[in-house]
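Residue numbers (the working numbering): 223 to 591. Think of the CB as a built atom: it goes at the ideal place given N, C-alpha and C, for glycine as much as any other residue. The next block holds one structure in the form of structure tokens; read it before the comments.
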Ligand SMILES: [Zn+2]
Ligand SMILES: [Zn+2]
Ligand SMILES: [Zn+2]
């Protein structure tokens, strides 16, 4: 079955999805004009696509460009759900996935430094009962963009104690610059760890609040944010534009892989002889949603979206396994995500980019042959 049939969508829906992916801020009326349908008709289609989790709007940090240190921690765990539950309130966790494969849990961390990441792994992850293997993959080069909400108050937390006992995450927005004891929920005064993050990313407290509010509710108006932080609407708009322009924050639309019932996310780990060449191919491939280069034997990690695992396996043969620099390729299927995961999936049955590169003949000729 092809993607459209499985998702119960038609070519107009696919066009709408593609317009939103290439231009996330496009207005509904512009989309209506481009697909040559009335605005109410397109509005109804968008509602339907949103209900299917095929279009979700979100604000987040552009993790591929903002400058955070990012590490994906893969675990072999006896009680994966318990670990994921314990990580739920850690402010450094971008997401936590359950996988089928050599590792069954993967925790995505973003922090201001590699030391922070190491502390979290040592203090909060390695020490948990029932974990037999830990693999830490630090990003050294992004492939495509990963945009996800990040708790910009992360530095206010005592990361070693953050977790189910953290009393402050619920009232995040009231957090100011104090150094707080997460478990006691009171300001201990003294040092100002929050300023570390502000300095590193060249933002101030108001920028931070704006980002956090947009992440919580992408449909909040600039004027309401302005009221809440005591700034004018144009001032809020200017700050948002500036943060977008320098690729710190982004507005995205895409499939929400946490809630989609029909689509699957697959992790692809590749050992390559020439990784820079392969990165260029991965960036172009229509199945690859994002990825990164790391150290180690399988140094390229990418994530692909599909309506059918079997179909994707066959497509990966053509798109990636066939490339001369690929030495080994391993896939793991993502079973679930802890948080929303919005990625630029487009329903495709064939990767025209990779196929075009390798087989420069038209589909008609192929059919005859
Ligand atoms: Zn198919
Ligand atoms: Zn905390
Ligand atoms: Zn491809």
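In this structure, DSSP gives residue 559 an extended state, which the three-state scheme calls strand. Across the structure, residue 456 and residue 442 are spaced so that their CA atoms are roughly 15 Å apart. Residue environment for residue 371: buried (at least 16 other C-beta atoms within 10 angstroms of its C-beta). Between residue 529 and residue 569, the C-beta gap is smaller than 9 Å, which places the two residues in contact. With a contact defined as Cβ atoms closer than 8 Å, residue 295 and residue 376 miss out at about 16 Å. Per DSSP, the continuous beta strand (DSSP E) segment holding residue 513 begins and ends at 510 to 515.
Within the model, the alpha-carbon separation for residue 463 versus residue 339 is close to 30 Å. Between the stretch 316 to 328 and the stretch 501 to 521 there are fewer than three C-beta pairs closer than 8 Å, too few to call the two in contact.
Taken through DSSP and simplified to helix, strand or coil, residue 233 comes out as helix. Considering only 494, 253, 419, 452, the residue with the shortest C-alpha distance to residue 519 is 494. Annotation: residue 364 is outside any alpha helix (DSSP H); the continuous beta strand (DSSP E) that includes it extends over 363 to 365. Just so you know, the alpha carbons of residue 241 and residue 248 end up roughly 8 Å apart. For residue 486, the enclosing beta strand (DSSP E) begins and ends at 486 to 494. Here residue 310 carries a coil assignment [DSSP, helix/strand/coil]. Straight-line spacing of the CA atoms in residue 229 and residue 345 works out to 43 Å. Residue 227 sits in a helix when the DSSP states are folded into three classes.
Contact annotation: residue 369 and residue 504 have beta-carbon atoms that are not nearer than 9 Å.
The three-state secondary structure of residue 434, taken from DSSP, is helix.
Separation of the CB atoms of residue 479 and residue 563 is rounded to 5 Å, and the pair is thereby assigned contact status at 8 Å. Fewer than three beta-carbon pairs drawn from the stretch 287 to 305 and the stretch 248 to 264 are found closer than 8 Å, and the two stretches are therefore not classed as touching. Closer than 8 Å to some heavy atom of ligand 3: that describes the Cβ of residue 509. The Cβ atoms of residue 491 and residue 522 lie closer than 9 Å to each other. Distance from the CA atom of residue 539 to the CA atom of residue 363, rounded to whole angstroms, is 24 Å. Between residue 366 and residue 555, the CB-CB gap reaches or exceeds 9 Å. Around the beta carbon of residue 574, fewer than 16 other beta carbons sit within 10 angstroms, so the residue counts as exposed. Cβ neighbours of residue 470 within its own chain (closer than 6 Å, five residues either side excluded): 288. Closest in C-alpha terms to residue 272, from the list 326, 476, 467, comes 476. Annotated as proximal: residue 306 and residue 327, with beta-carbon spacing under 9 Å. Scanning its chain for C-beta atoms nearer than 8 Å, with the 5 sequence neighbours on each side dropped, one finds around residue 484 the residues 228, 229, 274, 529, in chain order.
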